[in-house]
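Note that this note's numbering has the sequence shown beginning at 94, numbered continuously upward.
Where a beta carbon is used, it is the ideal one built from N, C-alpha and C, also for glycine.
Before any comments, here is the structure.
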Amino acid sequence: MQLLNPATTAPTLQAAFSQGAQDYIQALSARLLADPICRTMPDLLALGFWFRRQKLTALVQKYHAMPYQFKPLGRVYHNTPANVDSLFMYPALLSLLCGNSNLLRLSSRAGQSAQVLLTHINALAEQYPEQNAALQFVLAPHNDTDLARHLTQMDGRVLWGSDAAIITQRQQPVPAHCRDLIFSHKMSLTLLDANAVCEAPAAEFQAMTELFSRDHLTYAQQACASAKVVVWLGQTDDIRQAQQRFWPTLIQRSMQQALLTDSDAYQALAGAQQLLLRSENYQDWQTGQLQRLRITDLDTDMLQLHPGCGLFLELPLQSLNALTPMLNNCHQTLSHWGIDSKLLSDWYPTVLRGADRLVPLGQSLQFNEVWDGVDLVVQLSRISNTQSSHG
Numbered sequence: 094m095q096l097l098n099p100a101t102t103a104p105t106l107q108a109a110f111s112q113g114a115q116d117y118i119q120a121l122s123a124r125l126l127a128d129p130i131c132r133t134m135p136d137l138l139a140l141g142f143w144f145r146r147q148k149l150t151a152l153v154q155k156y157h158a159m160p161y162q163f164k165p166l167g168r169v170y171h172n173t174p175a176n177v178d179s180l181f182m183y184p185a186l187l188s189l190l191c192g193n194s195n196l197l198r199l200s201s202r203a204g205q206s207a208q209v210l211l212t213h214i215n216a217l218a219e220q221y222p223e224q225n226a227a228l229q230f231v232l233a234p235h236n237d238t239d240l241a242r243h244l245t246q247m248d249g250r251v252l253w254g255s256d257a258a259i260i261t262q263r264q265q266p267v268p269a270h271c272r273d274l275i276f277s278h279k280m281s282l283t284l285l286d287a288n289a290v291c292e293a294p295a296a297e298f299q300a301m302t303e304l305f306s307r308d309h310l311t312y313a314q315q316a317c318a319s320a321k322v323v324v325w326l327g328q329t330d331d332i333r334q335a336q337q338r339f340w341p342t343l344i345q346r347s348m349q350q351a352l353l354t355d356s357d358a359y360q361a362l363a364g365a366q367q368l369l370l371r372s373e374n375y376q377d378w379q380t381g382q383l384q385r386l387r388i389t390d391l392d393t394d395m396l397q398l399h400p401g402c403g404l405f406l407e408l409p410l411q412s413l414n415a416l417t418p419m420l421n422n423c424h425q426t427l428s429h430w431g432i433d434s435k436l437l438s439d440w441y442p443t444v445l446r447g448a449d450r451l452v453p454l455g456q457s458l459q460f461n462e463v464w465d466g467v468d469l470v471v472q473l474s475r476i477s478n479t480q481s482s483h484g
């Protein structure tokens, strides 16, 4: 097990929302926002912006206003995902804010963003020795004996990965009281009103395609919140006209911005072929810079075989209610554009499974302390009710 940011002091628990933790997070945020290299890395820029001082202050005030006493959960292990380098840092910094001591296992596939992030973390080690010791990064295989020894002392785990990887990790010995936060394989969708796409003025339409591209092609659909399914809401003729307007513009934008690589294109092509061979649910294959398949249902095949990489599944619906029974726990984010707000507000409370996040198009990749239906600050803390009763 290789330690990536050596500590000069032993890790200790701190009071929840301590000033030291806030100062450290602020310092890291400021470094990320000021680094010219980070400006070329959307994930690090978003991370620094999310933890800026104004946001962090409001976040702490939110939990201080709750009728609870927050205390650290204890020692927390984070198994980080490989699909978006810095996603794991949001719960990791929130865990630090909660006063926990954290051990983060980086993926062997971690890319440049993770390396830049570690450079800034190491730069803060001397100024913030307690926080550095409470946020330790390691490289280690899953079966590493030192890692296994640490796991037997954990009070919580934050586990990211495929369903198979999560099942394997949950078999590792941990204390009986260890609390697990699971972020397994997810699929997201975007909901577009066909008539609104057809009638949008040119400037509004161009802005919409930019938002779509930002949400769903920034990481070649590898982010769990990036949609792999486009749900078209409207009548058949309107949907056809909307598609004829939308896809050529999006394809042109993706080519101009070089959002997809040759490897992405190959994977999208192979994925489309696999789905076509697997089930009659997949029809009307549209090839090109972006691959498209029409579907009539959300099935399990797409969960296993959809590679992202510029492959979009199109689900035409005349009613939002038709979508409800298709949703399940693997469906994470539902972004939307052009949908009547009252229709959404009436429909969303009826969705009892899936679609844990409902966000406007352009906000799919924006993190929130409530993620996948879980309040991370609450779950990474021990809380007690501070209200007293009189009688």
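Contacts around residue i, its chain only, beta-carbon distance under 6 Å, and the 5 residues preceding and following it disregarded
i	result
Gln376	Arg387
Cys317	Lys279 and Gln425
Trp440	Leu413
Ala300	none
His309	Ser319 and Ala320
Ala335	Ala287, Val290 and Cys291
Beta-bridge pairing of residue i - partner residues as DSSP gives them
i	result
Asp273	Arg250
Trp424	Note that residue 424 corresponds to His in the displayed sequence, not to Trp. Bridge partners of His424: Met280.
Phe405	Arg385
Pro453	His429
His171	Leu197 and Val251
Limits of the unbroken alpha helix (DSSP H) element including residue i
i	result
Tyr221	First-last for Tyr221: undefined, no H or E at that position.
Ala320	Premise fails: Ala320 lies in the beta strand (DSSP E), Ala320 to Leu326, not in any alpha helix (DSSP H).
Phe181	Here Phe181 belongs to no alpha helix (DSSP H), and DSSP marks it neither H nor E.
Asn215	Gln205 to Ala216
Gln367	Asp355 to Arg371
Gly141	Pro135 to Trp143
Leu437	Ser434 to Trp440
Arg263	Asp256 to Arg263
The beta strand (DSSP E) enclosing residue i, as first and last residue numbers
i	result
Ala151	It is not in any beta strand (DSSP E) - Ala151 instead sits in the alpha helix (DSSP H) that spans Arg146 to His157.
Distance cut-off 7 Å: residue i Cβ against heavy atoms of the ligand ATP
i	result
Arg475	This structure lacks the ligand ATP, and indeed carries no ligand of any kind.
Simplified DSSP assignment, three categories, for residue i
i	result
Ile476	strand
Met419	helix
Tyr312	coil
Gln229	strand
Met395	helix
Met94	coil
Leu284	strand
Phe163	strand
Arg124	helix
Arg346	helix
His483	For His483, the predicted model reports a pLDDT of 47, less than 50, meaning its position is unreliable; a value from the coordinates is still stated below. Reduced to three states, the DSSP call for His483 is coil.
Asn414	helix
Asp390	coil
Asp465	coil
Gln376	strand
Ile332	helix
Leu186	helix
Thr238	helix
Phe110	coil
Phe305	helix
Leu244	helix
Arg202	coil
Thr105	coil
Cys191	coil
Gln115	helix
Pro129	coil
Arg511	The structure shown does not extend to residue 511, since the chain is modelled only from 94 through 484, so no value can be given for it.
Val444	coil
Neighbourhood of residue i by C-beta distance below 8 Å, restricted to the same chain and skipping five residues each side
i	result
Ala100	Ala218, Pro222, Asn225, Ala226 and Gln229
His483	Residue placement at His483 cannot be trusted, given a pLDDT of 47 that sits under 50; what the coordinates show is reported in the next sentence. Cβ neighbours of His483 beyond the five flanking positions: none.
Ser372	Asp392 and Asp394
Leu96	Gln229, Phe230 and Val231
Val444	Thr417 and Leu420
Trp378	Ala365, Leu369, Gln384, Arg385 and Leu386
Contacting residues, own chain, Cβ-Cβ under 7 Å from residue i (five flanking each side not counted)
i	result
Thr311	Pro135 and Leu458
Leu130	As written in the sequence, residue 130 is Ile, which differs from the Leu given in the question. The residues are Val209.
Ser206	Met134, Asp136, Leu137, Asp178 and Ser179
Tyr117	Leu217, Tyr221 and Gln224
Thr479	Pro160, Tyr161 and Gln162
Asn98	Leu211, Ile214, Asn215, Ala218, Asn225, Gln229 and Phe230
Chain C within 8 Å of residue i, Cβ atoms only
i	result
Asn225	Protein chains in the displayed structure number just one, and chain C is not present.
For the region 287 to 297 against the region 397 to 405, do three or more pairs of beta-carbon atoms, one drawn from each stretch, fall closer than 8 Å, so that the two count as touching?
no
Count the C-beta pairs between the region 144 to 158 and the region 420 to 430 that are closer than 8 Å, then say yes if the count reaches three, no if not.
no
Does the region 249 to 264 come close enough to the region 123 to 139 to have 3 or more Cβ pairs within less than 8 Å?
no
Are there three or more Cβ pairs, one per stretch, closer than 8 Å when the region 106 to 119 is compared with the region 158 to 177?
yes
Inter-stretch contact at 8 Å, needing at least 3 Cβ pairs: the region 464 to 483 / the region 184 to 193:
yes
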